[in-house]
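Trainee:
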Amino acid sequence: AVKRSRATGRSLPGTVIVWDIFGELAGAYGLASATFVGGSLLNLGGQNFLEPLVFGLKPIIGPYWKNFAWVGRDIVAAGLVREVADEHELAQALLATIDEPGTRADVIEQVHTFFAPRKGGTEQVCRQIIDKLQLLDQQQR
Numbered sequence: 006a007v008k009r010s011r012a013t014g015r016s017l018p019g020t021v022i023v024w025d026i027f028g029e030l031a032g033a034y035g036l037a038s039a040t041f042v043g044g045s046l047l048n049l050g051g052q053n054f055l056e057p058l059v060f061g062l063k064p065i066i067g068p069y070w071k072n073f074a075w076v077g078r079d080i081v082a083a084g085l086v087r088e089v090a091d092e093h094e095l096a097q098a099l100l101a102t103i104d105e106p107g108t109r110a111d112v113i114e115q116v117h118t119f120f121a122p123r124k125g126g127t128e129q130v131c132r133q134i135i136d137k138l139q140l141l142d143q144q145q146r
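One point on numbering: in this note's numbering, the residue at position 9 of the sequence shown is 14, and numbering is uninterrupted.
1. Alpha carbon to alpha carbon, how far is D136 from S16? Give it in angstroms, no decimals.
2. Since F54 is in the alpha helix (DSSP H), which residue starts that stretch and which ends it?
3. Would you kindly report the start and end of the unbroken alpha helix (DSSP H) that includes V130?
4. Judging by CA-CA distance, which residue of T118, A37, A33 is the nearest neighbour of D79?
5. Figure out for me which residue from F54, L58, Q144 has the closest Cα to the Cα of W70.
6. Rounded C-beta distance between Y34 and F73? I'm assuming under 8 Å.
7. The alpha helix (DSSP H) that contains R11, what's its start and end?
8. What residue range does the alpha helix (DSSP H) around A110 cover?
9. Since G3 and I66 are thought to touch, with beta carbons under 8 Å apart, how far apart are those beta carbons, to the nearest angstrom?
10. For a test of the three-state rule: what should DSSP assign to V92, helix, strand or coil?
11. Is it the case that the Cβ atoms of E92 and V81 are separated by a distance below 9 Å?
Here's what the structure looks like:
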């Protein structure tokens, strides 16, 4: 494995790159065959596992992802995110992911299908806030 911050030049095919530089992951997801989203094997809360999905990659995460618990377990149950218990399962999952059939376009379609019925939450919350504020305004008159 090579830390991205210490890499010089091009990496050889098959090289595992540990991305430790902020702000560069979007480009990396576009090139990767598999991805583990860090901060989740230890109780650190986890990093954003939604980003790789945009690029058609199903991320692998550890059991500690409270920072993104708001997404819900449904995304794991749908098979869009794979949760592993430890580094041993992680290694197996990474190898299995590389060999999985399907394309990035297939994953992106699955992501759209998953999120389609979940759209509009912000608008609904804003409507409820406005309704409540209007009700309070009427009560104060």
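Every residue gets a Cβ at the ideal spot worked out from N, C-alpha and C, and that includes glycine.
All of these numbers come straight from a predicted model, not from anything done at the bench.
Mentor: Let me spell this out:
1. 56 Å
2. No alpha helix (DSSP H) holds F54; DSSP gives it neither H nor E.
3. 126-145
4. T118
5. F54
6. Going by Cβ atoms, the distance from Y34 to F73 rounds to 16 Å, so no, they are not a contact pair.
7. Run containing R11: none; DSSP gives neither H nor E here.
8. 109-120
9. Absent from the model: residue 3. The displayed extent of the chain is 6 to 146, so no value can be given.
10. Per the sequence presented here, residue 92 reads as Glu, with Val not at that position. E92 falls in the helix class under three-state DSSP.
11. no
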